[in-house]
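Novice:
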Amino acid sequence: MQFENTRSFAQELDAQDNLHKYRSEFHFPKVNNKQVIYFTGNSLGLQPKRTKSYVDEVMNDWANLAVEGHFYADKPWWDYHERFAKPLSKIVGALPSEVTVMNTLTVNLHLLMVSFYRPTKTRYKIICEEKAFPSDQYMFQSQVDFHGYASDDAIVEIKRREGEHNIRLEDVLVKIEEVGDELALVLIGGVNYYTGQVFDMKTITAAGHKAGAIVGWDLAHAAGNIKLELHDWNVDFASWCSYKYMNSGPGNASGCFIHEKHHNASLPRFAGWWGHNKERRFKMEPQFDAVKGAEGWQISNLPILSLAPYLASVDMFDEVGMDAIIEKRNKITAYLEFVLQEIDKEVDSTFEIITPADPAERGCQLSVFLHGEGRSLFDYLMKNGVITDWREPNVIRLAPVPLYCSFEDMYDFGQILKEGIYSIH
Ligand SMILES: *Cc1c(COP(=O)(O)O)cnc(C)c1O
Numbered sequence: 023m024q025f026e027n028t029r030s031f032a033q034e035l036d037a038q039d040n041l042h043k044y045r046s047e048f049h050f051p052k053v054n055n056k057q058v059i060y061f062t063g064n065s066l067g068l069q070p071k072r073t074k075s076y077v078d079e080v081m082n083d084w085a086n087l088a089v090e091g092h093f094y095a096d097k098p099w100w101d102y103h104e105r106f107a108k109p110l111s112k113i114v115g116a117l118p119s120e121v122t123v124m125n126t127l128t129v130n131l132h133l134l135m136v137s138f139y140r141p142t143k144t145r146y147k148i149i150c151e152e153k154a155f156p157s158d159q160y161m162f163q164s165q166v167d168f169h170g171y172a173s174d175d176a177i178v179e180i181k182r183r184e185g186e187h188n189i190r191l192e193d194v195l196v197k198i199e200e201v202g203d204e205l206a207l208v209l210i211g212g213v214n215y216y217t218g219q220v221f222d223m224k225t226i227t228a229a230g231h232k233a234g235a236i237v238g239w240d241l242a243h244a245a246g247n248i249k250l251e252l253h254d255w256n257v258d259f260a261s262w263c264s265y266k267y268m269n270s271g272p273g274n275a276s277g278c279f280i281h282e283k284h285h286n287a288s289l290p291r292f293a294g295w296w297g298h299n300k301e302r303r304f305k306m307e308p309q310f311d312a313v314k315g316a317e318g319w320q321i322s323n324l325p326i327l328s329l330a331p332y333l334a335s336v337d338m339f340d341e342v343g344m345d346a347i348i349e350k351r352n353k354i355t356a357y358l359e360f361v362l363q364e365i366d367k368e369v370d371s372t373f374e375i376i377t378p379a380d381p382a383e384r385g386c387q388l389s390v391f392l393h394g395e396g397r398s399l400f401d402y403l404m405k406n407g408v409i410t411d412w413r414e415p416n417v418i419r420l421a422p423v424p425l426y427c428s429f430e431d432m433y434d435f436g437q438i439l440k441e442g443i444y445s446i447h
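Counting from 1 along the sequence shown, just add 22 to a position and that's the residue number in the numbering used here.
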């Protein structure tokens with residue numbers, strides 16, 4: 023499609039967009055009395071208007087039923103989490119028994135490493151990406167330390183080549199082969215938080231298995247953003263947060279995936295009563311009998327007030343479907359890329375989009391190097407109603423989230439960006 027950087031063209035794209043109606047289902051912050059252009063749904067998604075009714079329902083049940091709400095609420099609390107299995111499994115490409123919701127992301131990855139990072143004297147190394155999200159780096163260091171290995175030996179980072187912004191698949195595969203018999207675990211962010219690069223999870227998972235290792239994925243920037251086929255890719259385990267593309271509210275509950283092939287294995291795990299045999303849970307017996315499936319990794323009874331917004335979001339995703347989200351995502355991301363290139367020509371500036379240009383290697387995020395532009399441009403954007411995020415040294419990350427961003431937003435953003443550059447220089 024031949025794009026044009028005009029308001030009428032952008033409005034035409036909005037008119038053709040089947041998801042455009044969802045925009046009005048979200049609360050937008052306002053700046054100068056106008057709805058903002060929100061590019062930080064990769065950090066904290068906007069609040070869907072329907073979410074409040076899900077939370078109110080729990081508050082009302084708690085007020086009216088108190089402890090009886092566990093069994094007699096419309097959505098009883100004791101098995102509230104089971105409502106996620108079906109819709110969430112479609113979002114991540116899994117069987118319903120392979121997914122569950124619990125805890126928060128880094129906590130879940132730690133717990134999953136209890137089961138899936140079981141180093142031996144000879145096979146103890148972890149492969150991850152260079153400059154992984156800091157929480158993941160601290161997690162790796164503390165896990166390796168906990169098991170008594172030195173982190174500079176046990177943690178192997180895949181590096182970018184000199185002068186390149188993204189990690190090459192071939193370099194991942196070479197590293198996996200090189201570490202070979204010493205490799206215990208491959209655990210990478212499926213979508214890099216900084217560059218927006220999407221890794222070829224299918225190929226990397228197969229390569230890790232060939233080397234005899236377990237392969238897990240941190241899907242913080244992937245869930246609700248890209249097409250996942252976790253079951254078919256034969257991924258061992260994965261976890262994601264729900265507050266980025268999944269719009270479930272600050273710090274909210276995490277989802278996790280454990281492949282069916284591990285459901286019968288007696289893997290070590292840190293257990294709690296919510297992972298115990300459901301029929302016998304309230305008999306308060308001493309002998310732990312894990313529920314078969316991902317639910318068997320549950321520990322505590324669940325924070326229903328935090329699951330309520332997540333359920334609202336999962337219901338919305340189920341209604342829309344990932345295919346429709348991805349179709350719009352590709353188009354709006356391409357349009358944003360086009361607008362950036364057009365503005366770049368006009369202002370003779372030097373933006374450099376460091377996210378891969380190939381739609382198969384990116385989701386809903388463009389990370390843009392603003393060469394020669396300082397933080398003042400970012401501040402100008404914020405003051406003028408464009409919410410982006412700034413990463414050192416001078417990268418802004420832009421996520422045109424398909425559920426609530428419009429094509430006209432992209433056009434408006436381009437104009438504000440241009441005015442900003444003129445006004446600063
Ligand atoms: C956002 C993010 C996290 C956040 O972890 P929490 O435990 O939810 O605070 C972790 N890893 C990656 C890759 C992320 O992008």
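Heads up, the beta-carbon is just placed ideally off N, CA and C, and yes, glycines get one too.
(1) Following a CB-centred definition, is V129 positioned closer than 8 Å to any heavy atom of ligand 1?
(2) Between H243 and ligand 1, is there a pair consisting of the residue's CB and a ligand heavy atom that are separated by less than 8 Å?
(3) Runs of 4 residues minimum, wholly inside the segment 325–413: which ones carry the alpha helix (DSSP H) assignment?
(4) Looking at C-alpha atoms only, which residue of G343, S137, G436, L134 is the closest neighbour of L358?
(5) What separation, rounded to the nearest whole angstrom, lies between the Cα atoms of P422 and I177?
(6) Sorry if obvious, but does the Cβ on C386 come closer than 8 Å to a heavy atom of ligand 1?
(7) My guess is that C150 and E186 are in contact by the Cβ rule of under 8 Å, so how many angstroms apart are they, rounded?
(8) According to the neighbour-count rule (16 or more other Cβ atoms, all chains shown, within 10 Å of its Cβ), is I280 buried or exposed?
(9) From Y433, L425, I418, G442, pick the residue whose C-alpha is nearest to that of T217; which is it?
(10) State yes or no: is the C-beta of D401 within less than 9 Å of the C-beta of R72?
(11) Between the alpha carbons of G385 and E90, how many angstroms are there, rounded?
(12) Excluding the 5 residues flanking Y94 on each side, which residues of the same chain have their C-beta closer than 8 Å to its C-beta?
(13) Taking the C-alpha atoms as reference points, what is the distance between R29 and Y433?
(14) For the alpha helix (DSSP H) that F162 lies in, which residues bound it at each end?
(15) Going by Cα to Cα distance, which pick from Q57, C278, L41, E34 is closest to M404?
(16) So, for V136: in the same chain, excluding its five sequence neighbours on each side, which residues have a beta-carbon less than 8 Å away from its beta-carbon?
(17) Going residue by residue through the segment 118–160, where are the continuous alpha helix (DSSP H) segments of at least 4 residues, counting only ones entirely within it?
(18) Measure the Cβ-Cβ separation of Y444 and V390 and say whether it is below 9 Å.
(19) Below 8 Å, how does it come out for the segment 125–140 and the segment 260–276: are there three or more Cβ pairs, yes or no?
(20) Label G238 either buried or exposed according to how many other C-beta atoms from any shown protein chain fall within 10 Å of its C-beta, with 16 as the threshold for buried.
(21) Is D240 helix, strand or coil by DSSP?
(22) Please tell me whether, using a cut-off of 8 Å, the distance from the CB of S389 to the nearest non-hydrogen atom of ligand 1 is below it.
(23) Please classify Q33: does DSSP put it in a helix, a strand, or coil?
(24) Suppose you measure from the CA of K112 to the CA of E34; what does that come to, to the nearest Å?
(25) Assuming C278 contacts L134 under a Cβ cut-off of 8 Å, what Cβ separation, rounded to an integer in Å, is found between them?
(26) Let me know the secondary structure DSSP gives R183 once reduced to three states.
(27) Thinking L205 and A235 are a contact (beta carbons under 8 Å), I'd like their distance in whole angstroms, please.
(28) Considering only their Cβ atoms, is the gap separating W99 from H80 smaller than 9 Å?
(29) With burial defined as no fewer than 16 other Cβ atoms inside 10 Å of the residue's Cβ, what is the status of V220: buried or exposed?
(30) How is P109 classed by DSSP in three states: helix, strand or coil?
(31) Looking at the unbroken beta strand (DSSP E) that takes in S65, where does it start and where does it end?
(32) If you draw a straight line from the alpha carbon of M344 to that of L207, how long is it in whole angstroms?
(33) Determine, using beta carbons only, whether G271 and P331 come nearer to each other than 9 Å.
(34) If you follow the alpha helix (DSSP H) that L439 is in, where does it begin and where does it stop?
(35) Straight-line CA distance for G394 to N416?
Specialist: Well, looking at it:
(1) Working through the sequence shown from its first residue, we reach residue 129 at position 107. Flag set: Cβ of V129 near ligand 1.
(2) In the sequence shown, residue 243 corresponds to position 221, counting from 1. Result yes, Cβ under 8 Å from ligand 1.
(3) 326–342, 344–369, 397–405
(4) Taking the sequence shown and counting its residues from 1, one reaches residue 358 at position 336. That would be G436, whose Cα lies nearest to the Cα of L358.
(5) Taking the first residue of the sequence shown as position 1, residue 422 is located at position 400. Taking the first residue of the sequence shown as position 1, residue 177 is located at position 155. So the two alpha carbons sit approximately 34 Å from each other.
(6) Against the sequence shown, residue 386 aligns to sequence position 364. No - ligand 1 has no heavy atom lying nearer than 8 Å to the Cβ of C386.
(7) Along the sequence shown, one-based indexing puts residue 150 at 128. Along the sequence shown, one-based indexing puts residue 186 at 164. Actually they do not touch by this definition, with Cβ atoms about 18 Å apart.
(8) Taking the sequence shown and counting its residues from 1, the one referred to as residue 280 is at position 258. Buried: at least 16 other Cβ atoms inside 10 Å.
(9) Taking the sequence shown and counting its residues from 1, one reaches residue 217 at position 195. The option with the nearest alpha carbon to T217 is I418.
(10) In the sequence shown, residue 401 corresponds to position 379, counting from 1. In the sequence shown, residue 72 corresponds to position 50, counting from 1. It is not a contact, given that the beta carbons lie outside the stated cut-off.
(11) Your numbering for residue 385 matches position 363 in the sequence shown. Your numbering for residue 90 matches position 68 in the sequence shown. Their backbone Cα atoms lie some 44 Å apart in a straight line.
(12) Numbered from 1 along the sequence shown, position 72 holds the residue referred to as residue 94. Only L87 meet the Cβ criterion.
(13) Here the question's residue 29 lines up with position 7 in the sequence shown. Here the question's residue 433 lines up with position 411 in the sequence shown. So the alpha carbons of these two residues sit roughly 6 Å apart.
(14) Mapped onto the sequence shown, residue 162 falls at position 140. Segment 156–168, the alpha helix (DSSP H) holding F162.
(15) Position 382 of the sequence shown, counted from the start, is the residue given in the question as residue 404. Considering only alpha carbons, the answer is Q57.
(16) Taking the sequence shown and counting its residues from 1, one reaches residue 136 at position 114. Taken in chain order, the residues that qualify are P290, R291, F292.
(17) 127–138
(18) Residue 444 sits at position 422 when you count from the first residue of the sequence shown. Residue 390 sits at position 368 when you count from the first residue of the sequence shown. No, the Cβ-Cβ distance between Y444 and V390 is not below 9 Å.
(19) yes
(20) Numbered from 1 along the sequence shown, position 216 holds the residue referred to as residue 238. When all chains shown are included, G238 counts as buried.
(21) For the purposes of this step, residue 240 is taken as the residue at position 218 of the sequence shown. Correct three-state label for D240: strand.
(22) Locating residue 389 in the sequence shown gives position 367, where the first residue counts as 1. No, since every heavy atom of ligand 1 falls outside the 8 Å radius drawn around the Cβ of S389.
(23) On the sequence shown, residue 33 is found 11 positions in, with the first residue counted as 1. The answer is helix: DSSP assigns Q33 an H, G or I state.
(24) To locate residue 112, count along the sequence shown from 1; it is residue 90. To locate residue 34, count along the sequence shown from 1; it is residue 12. Going from the Cα of K112 to the Cα of E34 covers about 31 Å.
(25) In the sequence shown, counting from the first residue as 1, residue 278 sits at position 256. In the sequence shown, counting from the first residue as 1, residue 134 sits at position 112. About 7 Å separates the two Cβ atoms, so the contact holds.
(26) In the sequence shown, counting from the first residue as 1, residue 183 sits at position 161. Three-state DSSP puts R183 in coil, outside helix and strand.
(27) In the sequence shown, residue 205 corresponds to position 183, counting from 1. In the sequence shown, residue 235 corresponds to position 213, counting from 1. Indeed, because the Cβ distance is near 4 Å, the residues count as touching under 8 Å.
(28) Sequence index remark: in the sequence shown, residue 80 carries index 58 (1-based). Sequence index remark: in the sequence shown, residue 99 carries index 77 (1-based). Note that residue 80 is Val in the sequence shown here, rather than His. In this structure, W99 lies closer than 9 Å to V80 by Cβ.
(29) Here residue 220 is taken as the residue at index 198 of the sequence shown, counted from 1. That one is buried.
(30) Here residue 109 is taken as the residue at index 87 of the sequence shown, counted from 1. In the structure shown, P109 sits in a helix (DSSP, three-state: H, G or I).
(31) Locating residue 65 in the sequence shown gives position 43, where the first residue counts as 1. Taken as a continuous stretch (DSSP letters only), S65 belongs to no beta strand (DSSP E), as it is neither H nor E.
(32) Here the question's residue 344 lines up with position 322 in the sequence shown. Here the question's residue 207 lines up with position 185 in the sequence shown. Those two C-alpha atoms are separated by around 29 Å.
(33) Sequence index remark: in the sequence shown, residue 271 carries index 249 (1-based). Sequence index remark: in the sequence shown, residue 331 carries index 309 (1-based). Yes, the pair counts as a contact, with Cβ atoms nearer than the cut-off.
(34) Mapped onto the sequence shown, residue 439 falls at position 417. Element bounds for L439: 429–446.
(35) Residue mapping note: residue 394 aligns to position 372 of the sequence shown, counting from 1. Residue mapping note: residue 416 aligns to position 394 of the sequence shown, counting from 1. The straight-line gap from Cα to Cα measures roughly 9 Å.
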